[in-house]
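Chemist:
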Amino acid sequence: MNLRKKLLLNSLIPLILAILMVGFIIAQMMQIQSANKSEVKNLVNVQRLDGDVLSLQQGLGTFAFSPSDANAYVVTNVMNETRKIIGELNENLTDKDHLKQLDKINTKFTQLEKESKNAIQAKSDFESKRLSLRTKGILNDLYYLKKITNETYESNQLAIKKQIGFVITSALLGSLILLAVTGVITFIYTTRITSPIKKLAENANRIAEGDLTVKLESISLKDEVGQLNEAFIQMAGNLKKMIEHLAISSEQVASSSQQLAASAEQTIATTEQMSRTMQEVAAGSDHQLKMSLESAQAVEETTIGITRIAESATQLSELTSDTVSKAEEGSTFVGKTVQQMTTIQQSVDITDERVRLLSNRSKEIDDIVGIITAIAGQTNLLALNAAIEAARAGESGKGFAVVADEVRKLAEETNTSAKKIGNIVNEVQRETDLSVQAMEDVRQNVEEGIQITEDTRSKFAEILASMDRMSAQIEEISATSEEISAGSEEVAASVQDMAEVARQSSSHTQVAASSAGEQLASMDEINQSVNQLSKMATELENIIGTFKMD
Numbered sequence: 054m055n056l057r058k059k060l061l062l063n064s065l066i067p068l069i070l071a072i073l074m075v076g077f078i079i080a081q082m083m084q085i086q087s088a089n090k091s092e093v094k095n096l097v098n099v100q101r102l103d104g105d106v107l108s109l110q111q112g113l114g115t116f117a118f119s120p121s122d123a124n125a126y127v128v129t130n131v132m133n134e135t136r137k138i139i140g141e142l143n144e145n146l147t148d149k150d151h152l153k154q155l156d157k158i159n160t161k162f163t164q165l166e167k168e169s170k171n172a173i174q175a176k177s178d179f180e181s182k183r184l185s186l187r188t189k190g191i192l193n194d195l196y197y198l199k200k201i202t203n204e205t206y207e208s209n210q211l212a213i214k215k216q217i218g219f220v221i222t223s224a225l226l227g228s229l230i231l232l233a234v235t236g237v238i239t240f241i242y243t244t245r246i247t248s249p250i251k252k253l254a255e256n257a258n259r260i261a262e263g264d265l266t267v268k269l270e271s272i273s274l275k276d277e278v279g280q281l282n283e284a285f286i287q288m289a290g291n292l293k294k295m296i297e298h299l300a301i302s303s304e305q306v307a308s309s310s311q312q313l314a315a316s317a318e319q320t321i322a323t324t325e326q327m328s329r330t331m332q333e334v335a336a337g338s339d340h341q342l343k344m345s346l347e348s349a350q351a352v353e354e355t356t357i358g359i360t361r362i363a364e365s366a367t368q369l370s371e372l373t374s375d376t377v378s379k380a381e382e383g384s385t386f387v388g389k390t391v392q393q394m395t396t397i398q399q400s401v402d403i404t405d406e407r408v409r410l411l412s413n414r415s416k417e418i419d420d421i422v423g424i425i426t427a428i429a430g431q432t433n434l435l436a437l438n439a440a441i442e443a444a445r446a447g448e449s450g451k452g453f454a455v456v457a458d459e460v461r462k463l464a465e466e467t468n469t470s471a472k473k474i475g476n477i478v479n480e481v482q483r484e485t486d487l488s489v490q491a492m493e494d495v496r497q498n499v500e501e502g503i504q505i506t507e508d509t510r511s512k513f514a515e516i517l518a519s520m521d522r523m524s525a526q527i528e529e530i531s532a533t534s535e536e537i538s539a540g541s542e543e544v545a546a547s548v549q550d551m552a553e554v555a556r557q558s559s560s561h562t563q564v565a566a567s568s569a570g571e572q573l574a575s576m577d578e579i580n581q582s583v584n585q586l587s588k589m590a591t592e593l594e595n596i597i598g599t600f601k602m603d
């Protein structure tokens, strides 16, 4: 799993847990609301049925006193309404005792309804009066139905209170678990990310300061951090090998420059001696012949020295090319390290954006809790209005007053629960803000790592520049050596002419003196180049000395 997926998983787990907890709370609240709504509806229908039976009693009494069509219409409407309410109760009631009592009421009402219709058609005042009195039996049964319905409602209210308590306890416990899980997951993931990066930054600082004795260890992570660590280990190993190779090359350069200096001094001394010999040759051909032999020997020694100089320059050029190749390879690894650090920085930026999105979702949950609180407050006001209307209704509105009071209590409990949920959401948002700060620390560490790697790249660039200058000087020395070799051949030819033609000693002496002067000037140039090469070798050794190898 790469670093991006790990960070996204770290952000999604707390969000999913929070959504599940909120969904559980909403489901429980909807279940409570549904159960309470059904019980309230049954209670209201029983109250309505009681009121309709009372109205039927009054209507039959009125019809017995005045058997008019208008009173008959009123009685018929009341019976139809009563039949409708009995049908609704039969559909909604689930308790066996309730249904049994309702069945008794239905049986009596059916008989009463049938006889009432006959009495209305016959306009019998006596029968209407008798039927009006029979409604008291139904009212007695309704009294018992109201009693057991109220008892069931109160029992359900206790169950609802317990369920609300369970929801509150579950919400608090779930919030604590959510906070604990979020804290542990955030701590584990940030530690596993920042610890290797911090260790890598410390090692990079030590290497940037020149300490190559840092002990680098592989880590078990398979993400970008693990890849970065492996690339860094490989870079450090290649850098150490390159520095060691440079140290060996600088020692060889110093040794070769010393040999060149010794050869140059010997050649200068030989050239000066040859010049003095040319002057003595002018004194006599015999002496000139003898000195010509000495000059030939000196020229041979000079040629050998120049050959050694050319060979050393060629070897030094090869070492310099190899060193430049190793330095370029190290610079390539540094570039890969910069790319890897940039990839990690992009992953951290994406994670920071996801964590900020989680913070915004927490704020939206807080807004939803505010809406629930507002709805609970409005429900409380509606309950108060219902209580006022029930008080106005008098005796027949007592049932509505009880319902209104229970609704008000439920609204207050809902408001309290919403506030607790709001506090929980605020706590989750605070933890999310801490996660945002942790991501910011990781980003800063990555930026520091990139800066340190860029410094290392600059060091490689300086080494490459120094090697380029050294290569140019070596090529110049090689060219000068070839010129000296050509001059030495000319001197050898002149000395042979002097030995063969003694008579032309004066002319050959002038040619030899001229060649000796040119050779002396060339040797001065070689001596200057050798001194400059020695100085560059010393500078290279000083640069290498800044790195601690053992």
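All the letters of the sequence shown, read from the start, carry residue numbers 54 to 603 under my numbering.
Every residue, glycine too, gets a C-beta built ideally from N, C-alpha and C.
Give me, in chain order, the residues of the same chain whose beta-carbon lies closer than 6 Å to that of Leu70; leave out the 5 immediate sequence neighbours on both sides.
Modeler: Leu231, listed in sequence order.
Chemist: Any contact between the segment 220 to 238 and the segment 75 to 82? By contact I mean 3 or more CB pairs, one from each, below 8 Å.
Modeler: Cβ pair count under 8 Å is three or more, so yes.
Chemist: Can Ser181 and Ala172 be called in contact, C-beta distance under 7 Å?
Modeler: In contact: Ser181 and Ala172 (Cβ atoms closer than 7 Å).
Chemist: Just the Cα atoms here: how many angstroms apart are Asp148 and Gly475?
Modeler: If I take the Cα positions, the gap works out to 38 Å.
Chemist: Give me the Cβ distance between Leu198 and Ile158, rounded to the nearest whole Å; I'm assuming they're in contact under 8 Å.
Modeler: Yes, Leu198 and Ile158 are in contact; Cβ-Cβ is about 7 Å, under 8 Å.
Chemist: Looking at the secondary structure, which residues open and close the alpha helix (DSSP H) in which Ile138 lies?
Modeler: Looking at the DSSP string, the run of the alpha helix (DSSP H) that includes Ile138 is 122 to 145.
Chemist: Could you give the distance in angstroms between the alpha-carbon of Ala117 and the alpha-carbon of Tyr126?
Modeler: Using only the alpha carbons, I get a separation of about 13 Å.
Chemist: Just to confirm the assignment, what range does the alpha helix (DSSP H) spanning Asp148 have?
Modeler: Careful: Asp148 lies outside any alpha helix (DSSP H) and carries neither H nor E.
Chemist: Looking at C-alpha atoms only, which residue of Gln280, Gly263, Ile260, Ile286 is the closest neighbour of Leu269?
Modeler: Checked all of Gln280, Gly263, Ile260, Ile286; the closest Cα to Leu269 is Ile286.
Chemist: Looking at C-beta atoms only, is the number of pairs between the segment 232 to 248 and the segment 178 to 192 that lie closer than 8 Å three or more?
Modeler: The segment 232 to 248, when compared against the segment 178 to 192, does not touch it at the 8 Å Cβ threshold.
Chemist: Could you name the residues of the same chain whose beta carbon sits closer than 6 Å to that of Asn209, not counting the 5 residues immediately before and after it, in chain order?
Modeler: If we look at Asn209 and ignore the five residues flanking it on each side, its Cβ neighbours are Glu92.
Chemist: For Ile191, does the three-state DSSP call read helix, strand or coil?
Modeler: Reduced to three states, the DSSP call for Ile191 is helix.
Chemist: What distance in whole Å lies between the Cβ atoms of Ala261 and Ile505, which are believed to be in contact at a cut-off of 8 Å?
Modeler: Contact holds; Cβ gap of about 5 Å.
Chemist: Nearest to Glu255 by alpha carbon, out of Phe240, Ile241, Gln110, Asn282?
Modeler: For the residues Phe240, Ile241, Gln110, Asn282, the minimum Cα distance to Glu255 belongs to Asn282.
Chemist: Determine whether the beta carbon atoms of Ala284 and Gln392 lie at a separation below 7 Å.
Modeler: No, the Cβ-Cβ distance between Ala284 and Gln392 is not below 7 Å.
Chemist: Mind reading off the beta-carbon distance from Glu529 to Ser587? Whole number of angstroms is fine, and I expect it under 8 Å.
Modeler: Glu529 to Ser587, Cβ: 14 Å. No contact.
Chemist: With a threshold of 7 Å between beta carbons, is Lys214 in contact with chain B?
Modeler: Of the chains in the structure shown, none is chain B; there is only one protein chain.
Chemist: On the three-state DSSP scale, how would you describe Leu269?
Modeler: Correct three-state label for Leu269: coil.
Chemist: How many whole angstroms separate the CB atoms of Ile250 and Asn498, which I take to be in contact at a CB cut-off of 8 Å?
Modeler: Confirmed, Cβ separation roughly 5 Å.
Chemist: Lys462: which of Ile66, Ala440, Glu536, Gln311 sits nearest, CA to CA?
Modeler: That would be Ala440, whose Cα lies nearest to the Cα of Lys462.
Chemist: Is the distance from the Cβ of Asn192 to the Cβ of Val106 below 7 Å?
Modeler: Per the sequence presented here, residue 192 reads as Leu, with Asn not at that position. It is a contact, given that the beta carbons lie within the stated cut-off.
Chemist: Which class does Lys161 belong to by DSSP, given the choice of helix, strand or coil?
Modeler: Correct three-state label for Lys161: helix.
Chemist: When the Cα atoms are used, what is the spatial distance from Val128 to Thr135?
Modeler: Distance between the alpha carbons of Val128 and Thr135 is about 10 Å.
Chemist: Exposed or buried, what is Ser302 when buried is set at 16 or more other beta-carbons lying within 10 Å of its beta-carbon?
Modeler: Buried, by the Cβ-count rule.
Chemist: Output yes or no for whether 7 Å exceeds the beta carbon distance between Asn95 and Asn145.
Modeler: Contact: yes.
Chemist: Under the three-state reduction of DSSP, which class applies to Lys293: helix, strand or coil?
Modeler: The answer is helix: DSSP assigns Lys293 an H, G or I state.
Chemist: In this structure, does DSSP put Ser177 in helix, strand or coil?
Modeler: It is coil, neither helix nor strand.
Chemist: Which residue from Ala446, Glu417, Asn479, Asp402 puts its Cα closest to that of Gln490?
Modeler: With distances taken between Cα atoms, Gln490 lies closest to Asp402.
Chemist: Give the straight-line distance between the Cα atoms of Glu297 and Met589, rounded to the nearest whole angstrom.
Modeler: When rounded, the distance between both Cα atoms is 17 Å.
Chemist: Measure the Cβ-Cβ separation of Gly190 and Lys170 and say whether it is below 7 Å.
Modeler: For Gly190 and Lys170, no; Cβs fall outside 7 Å.
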